[in-house]
Amino acid sequence: MIKVIIDGQEIEAEEGQTLLQVAQSAGIYIPTLCYHKALSPYGSCRLCVVEIEHNDRILYHTSCQFPVMENLIVKTNTERVIQGRKIIAELLLARCPDSEKIQEMAKELGVVETRFKKKDEDCILCGLCVRICQERMGVHTIDFINRGIKRDIQPPFGKYSDICRVCGACASVCPTGARVVELTELSQKEPRPIFSDFEEGLTQRTAIYTPFPQAVPKIPVIDRNNCSHFLLGECQICVEVCEAKAINHEQEDEIIELEVGSIVVATGFDNFDPTEKPEYGYKEFKNVITGLQFERLVNASGPTQGHLEINGKEPEKIVFIQCVGSRDKDGHEYCSRVCCMYTAKQAHMVRDKFPDAKITVYNTDVRAFGKGYEEFYNRVQDENVEYLRRELDDPIQVVGNEEGVIVKAEGHPDIHADLVVLATGLIPREDTKELSRLLNINLSEDGYYLEAHPKLRPIDTFTDGIFLAGCCQSPKDIPDTVAQASSAASRVSNILSQKELEIEATVAKVDESLCRGCGLCIESCPYTAIELISIDRTGNKVEVAYVNEALCKGCGTCAAACLNGAIHHLGYTDNQILAQIQALGDEEI
Amino acid sequence: MTKAINTINLEDIAKKEVERLYPKKPKIVVSKSTCGLASGAAKIYETIRNEIDNLNLDWILTETGCIGFCQIEPLIYFYQPGKPKLFYGNLTEKKTSELIQALAKGDLKKDWILWKIEDEENIITDTKFNLGIDDELEDIVHYEKYPFFSKQRKIVLRNCGFIDPNSIEEYIVKGGYSALTKVLNDYKPQDVIDIVKKSGLRGRGGAGFPTGLKWELCSKEESDIRYIICNADEGDPGAYMNRSVLEGDPHSVIEGMIIGAYAIGSSEGYIYVRAEYPLAIEKLKEAIIQAEEHGFLGENILDSGFSLRISIVKGAGAFVCGEETALIASIEGRPVDPRMRPPFPSKSGLWDKPTNINNVETWNNVPVIITRGHEWYSSLGTENSKGTKVFSLVGKIKNTGLVEVPMGITLREIIYDIGGGILENKKFKAIQTGGPSGGCLHEKHIDLPVDYDSLAKVGSIMGSGGMIVLDEETCIVDLAKFFIDFTRDESCGTCSSCREGLDAYYEILTRVTEGKALVSELNLLEELGQTIIDFSLCGLGKTAPNPVLTTLKYFRDEYIEHIEEKKCRAKVCKALIEFTIVSENCTGCEACAKLCPQEAITGESKKPHKINPDLCVQCGICFDTCRFDAISISTGGTV
């Protein structure tokens, strides 16, 4: 431990630390532009210069570079230091007069205007980009060229770099806030931005991110597919920056095994991908978006803070197209049930924001089936929202022009629109089949999980103890989902609250003396109720089938499959059946 | 350690080779350093060669380094056994032929002799070699009495102009390598450090750090290897003492380095010399080979068990490479950005190993300190600045060249006694010391003793020893602007204070020279200067504002004159001067009109001409051309 006095405060420091690190740890603020926790100090901006008294000598040095040592008395705010910083701020402001970050820093130091001749630069040559590329990305695509006032940052010979990976780390650390380093000037490779899933691809995110603002737990995750460390073994800047030292790249996925009494499947749905229907022009035109993207755009915590803007402009003519991916004889034939109402809501929101906007909704029958839905639909129509009906089979097409797009629908005049919102339908999740196999539950023809009975047992599956809730069973709106989920919870409580379960008496039973442990019954059992167990038969260990009576549904498949006649169906043994037949005929056999 | 080291051997060589230096037949020696060559020494050498052949003379012809009086190059000396050495300067090919033919006939061309040497001093051995006396030449001035040399004390330049730099034997005759044998025989490394410490020798590169202490710090660092470096990246405009030493006496530097390496415990050394010094590099290369052949360098030096290898690294010409951490970066092959100290190179230098860097002149002093002792050395100079210092005396002065003077000599003695006063007897205005990072001193400082501390006190530095004399025809603002232009271009550009600060300096100074600045901006220059000094990392930034700050301090009226009266009293700043033709004097010869690049001068032949001020770019060609004083330069409304 080394004791350092900074601004009269005695602070304990570790060998190898710099004055800036020590000051920061003690909460003493020193301005800087070229310092980054995860990079080697470079000392180019000179803002962090402090006055150092060492062995009766007064020195002025950059605190980001000066190592702690014994007998240091440091002053971060002497008149001479403050005066110097102001001059530096004036010089940097003269170099980059338009940089907001530099203006902010200058203002913080009490400088509003520079007395030096203004230049037209946006780079302060702090070298953060050079250092991050070299030290953390392990690439060294760019470096300083020339010296003095001609100093600049470039890839070798100012030519496109072959080694640049267009990762964008250089641009990310730039303190001027301007993208001084243009990736397109460094490499001919296409940058590969990481789009935010939560923002429906409307914004980009970093490789370490909190999935969405209300995520539980609200902890950042690392996207291994895009993290530089996982891809190339370098970087780890996040580790340096995290003060809680909470980041561990060694962590692996864990499989947690739980023993449970019941399962509720509430895996939800996927959104229909409108690129499957190219006629809608989705992805082709920037002003064609999905309903979910619209939700992010009007959300106060969304990418535009709730300002509905498309290409930086407020839309004046908006077209909603319903039944995109639903009620489609060639695809998903079912009705997604929510699109009519969410479109109505979105149309209402647009009207609320833009009273003069022209709003058109192309529908193929409006299904306002829920409580209060029809009334809301009528209200929206009264708000000067034009509902145009088209036949399901009639083609609809979105084509581009200079200003926006044109929506062409059979039997209707073309509509010029600057925003088209596609009411995309709901589809079963991609992994539905996989999960159905895992849980041994069935799928209906439309690809959703199949309930045990559409009217009498709409929550249950054919496997006891496994229930369905929400859109994994079929598209439904929020009230229906809540109702089904409550019901599932109640069904689960029903099971979990009992000490013992009552089961049907008609189950299979193994005659262990006849069973040879061939396992045919196990394969045939649709309820995975049979397993092999080991028993003692005249001093020898042998394997025989065992029926878990709690799982057995008494279907009898196993009894029919058993070659040895070792499994009986209780209540339906051969003898009992024969006895019944005899009773019918009233004759001796 | 075997102590079979052979001072005797060395004495044998010296005895055997003495005839090489003082042969038994006539010898002509041509000064062939860069300054000599630039004045035509190569042709003079050729001419002498041809004359000797033509006249079939049994004479020896060799070369030597620069004696320091560059003004009178090409320079030769003529030696006859038993007679004084005679020096002839300002030679042309024709004059040389005539001289050789005369000498061959026994005519010494007395009128052409500059000075003579009867007793030649050997600083290392503290002896004199008596060359002989010639009664006929009694009235010829002695070298020691010759004005340019009389106040000089040549220690660093002891062999320059006296020995053939290509010959290790001549160096040995002059006492060379005796310091090394003495060190290896009699001293432990710490003894050497103590001697150098007691001598008071301070770094001659500019900063003046005590050399012995520097060595000691490096020697005490635990390490498997330590490096020594000779900094020969002489970059100050107008300073060339290092070049002269390397070209004229390379062994002295090598010997100093070997002694230093022994004291520090280093086995690997580098000489970082700028590539613009090809002749110095050539001489150094040859000298290293010779030293290795004689066992002074390489494995197991003189059977002492101590080894040292020295390599030459050529610098690419960046001024900032003279800064030690930048120099190290350059040797390592990295971009030459100076780095923070601490850690100092003595702790972590070249390839992160303890490293000792000294300037050419510092290394060169070491052998003398060893043979003559620290008491002798410290008797020269002042309280805190011991020994001598070489200055390159240039500018508006009669005698330009390299002068080596004891520390503490006054500027007046240098300018008037050695330098012979101002050119064309004009008025002395100022003297700039320490190169582009130094300061500009006023007439009132003329009796200032020249040493590290006195110069620092008045805002200048010793630097590597540049000394530029300015007369009334030098504009002080223009001069400051020149130096700032140099340092802003040579700044590595890392520190914003230096990079942006010096550029802002240049911009404001340019406006001053155009009469467009505000007087209030002079205060800004001072304010900014302090920040550049405080906030920059290396010596370049920390000293670069000196030319401006000192001129602002001592010549502020001239700045104000530029701004308020739009007047440049030296008539240098183009934006403030106007060329006109004095009709009464103009003969209409049209000499100026023919040369004017702007075709701004018009008029009828044989009648007074006129200059069109809109076309004139103030190049001054007309002024220089006119033989009738018909061109006048006005500034601030006055002529």
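Keeping their order, the protein sequence lines are chains A and S.
Using my numbering, the first residue of the first sequence is number 1, and each one after it goes up by one.
Using my numbering, the first residue of the second sequence is number 1001, and each one after it goes up by one.
Note that CB positions come from ideal geometry on N, CA and C, so glycine has one too.
Keep in mind the model is a prediction, meaning the values are calculated, not measured.
Asked                                                                                                                                                                : Found
I'd like to know whether the C-beta atoms of S/K1353 and S/I1172 end up nearer to each other than 7 Å.                                                               : no
Measure from the C-beta of S/F1535 to each C-beta in chain A and report whether the shortest distance is under 7 Å.                                                  : yes
Would you check if the distance between the CB atom of S/A1593 and the CB atom of S/I1581 is smaller than 7 Å?                                                       : no
Give the interface partners of A/Q65 over in chain S, defined as CB-CB distance under 8 Å, in chain order.                                                           : M1340
Assuming S/L1350 and S/I1484 make a contact with CB atoms under 8 Å, what is their CB distance in whole Å?                                                           : In fact, because the Cβ distance is near 32 Å, the residues do not count as touching under 8 Å.
From this set, S/D1186, S/P1074 and S/G1068, which residue's C-alpha is nearest S/K1154's C-alpha?                                                                   : S/G1068
Under the three-state reduction of DSSP, which class applies to A/D143: helix, strand or coil?                                                                       : strand
For S/A1102, I'd like the list of residues in its chain whose CB is within less than 8 Å of its CB, leaving aside the five on either flank, ordered along the chain. : L1108 and K1109
Less than 7 Å separating the beta-carbons of S/L1061 and S/I1072?                                                                                                    : no
Can you find a CB in chain S that lies within less than 7 Å of the CB of A/I590?                                                                                     : Because residue 590 of chain A is not part of the residues shown, which for chain A are 1 to 589, the question remains open.
Given a cut-off of 7 Å, decide if S/T1371 and S/I1193 are closer than it, judged by their beta-carbon atoms.                                                         : no
Are the Cβ atoms of A/A469 and A/D460 separated by less than 7 Å?                                                                                                    : no
Less than 7 Å between the beta carbons of S/V1405 and S/I1468, yes or no?                                                                                            : no
Measuring straight from C-alpha to C-alpha, what distance separates S/E1590 and S/P1608?                                                                             : 9 Å
How about S/I1264 and S/C1218: are their beta carbons less than 7 Å apart?                                                                                           : yes
Using the Cα positions of A/Y280 and A/F294, report the straight-line distance between them to the nearest angstrom.                                                 : 16 Å
Applying the criterion that 16 or more other CB atoms from any shown protein chain within 10 Å of the CB defines a buried residue, is S/C1538 buried or exposed?     : buried
At a CB-CB cut-off below 8 Å, which residues of chain A make contact with S/T1531?                                                                                   : Q83, G84, I87 and I88
With a cut-off of 8 Å, do at least 3 Cβ pairs link the region 560 to 574 of chain A to the region 520 to 537 of chain A?                                             : yes
Could you pull the start and end residues of the alpha helix (DSSP H) that A/Q293 belongs to?                                                                        : G291 to L297
Can you list, in chain order, the stretches of the beta strand (DSSP E) that have 3 or more residues and sit fully within the region 1357 to 1401 of chain S?        : 1388 to 1395
By the three-class DSSP mapping on this structure, what secondary structure does A/D56 have?                                                                         : coil
Scan the region 92 to 110 of chain A for residues whose Cβ lies nearer than 8 Å to a Cβ of chain S and list them as they occur along the chain.                      : L92, A94 and R95
Among A/T78, A/V173 and A/G84, which has the Cα closest to the Cα of A/K101?                                                                                         : A/V173
Tell me the residue span of the alpha helix (DSSP H) that contains A/E10.                                                                                            : Counting along the chain, A/E10 falls outside any alpha helix (DSSP H), though it belongs to the beta strand (DSSP E) covering Q9 to A13.
Taking only beta-carbon atoms, is A/G27 less than 7 Å away from chain S?                                                                                             : no
Does the beta carbon of A/I149 sit closer than 7 Å to a beta carbon anywhere in chain S?                                                                             : yes
CB-CB under 6 Å to S/T1325, same chain, minus the five flanking residues each way: which ones, in chain order?                                                       : P1338 and R1339
So S/L1522 and S/R1569 are in contact, right, with Cβ under 8 Å, and what is the actual spacing, rounded?                                                            : About 17 Å; that fails the 8 Å criterion.
Determine, for S/S1491, whether the minimum Cβ-Cβ distance to residues of chain A falls below 7 Å.                                                                   : yes
Residues of the region 1472 to 1503 of chain S with a CB closer than 8 Å to any CB of chain A: list them in chain order, please.                                     : R1488, D1489, E1490, S1491, C1492, G1493, T1494, C1495, S1496, S1497, R1499, E1500, G1501, L1502 and D1503
So S/Q1618 packs on S/I1560, CB below 8 Å; how close in whole Å?                                                                                                     : At roughly 22 Å, the Cβ-Cβ gap does not stay under 8 Å, so S/Q1618 and S/I1560 are not in contact.
Tell me whether S/Y1272 sits in a helix, a strand or coil according to DSSP, three-state version.                                                                    : strand
Give the residues from the region 122 to 134 of chain A that approach chain S closer than 7 Å (Cβ to any Cβ), ordered along the chain.                               : I124 and L125
How would you label S/S1178, buried or exposed, when you count the other beta carbons within 10 angstroms and need 16 or more for buried?                            : buried
Any C-beta of chain A sitting closer than 7 Å to the C-beta of S/E1073?                                                                                              : no
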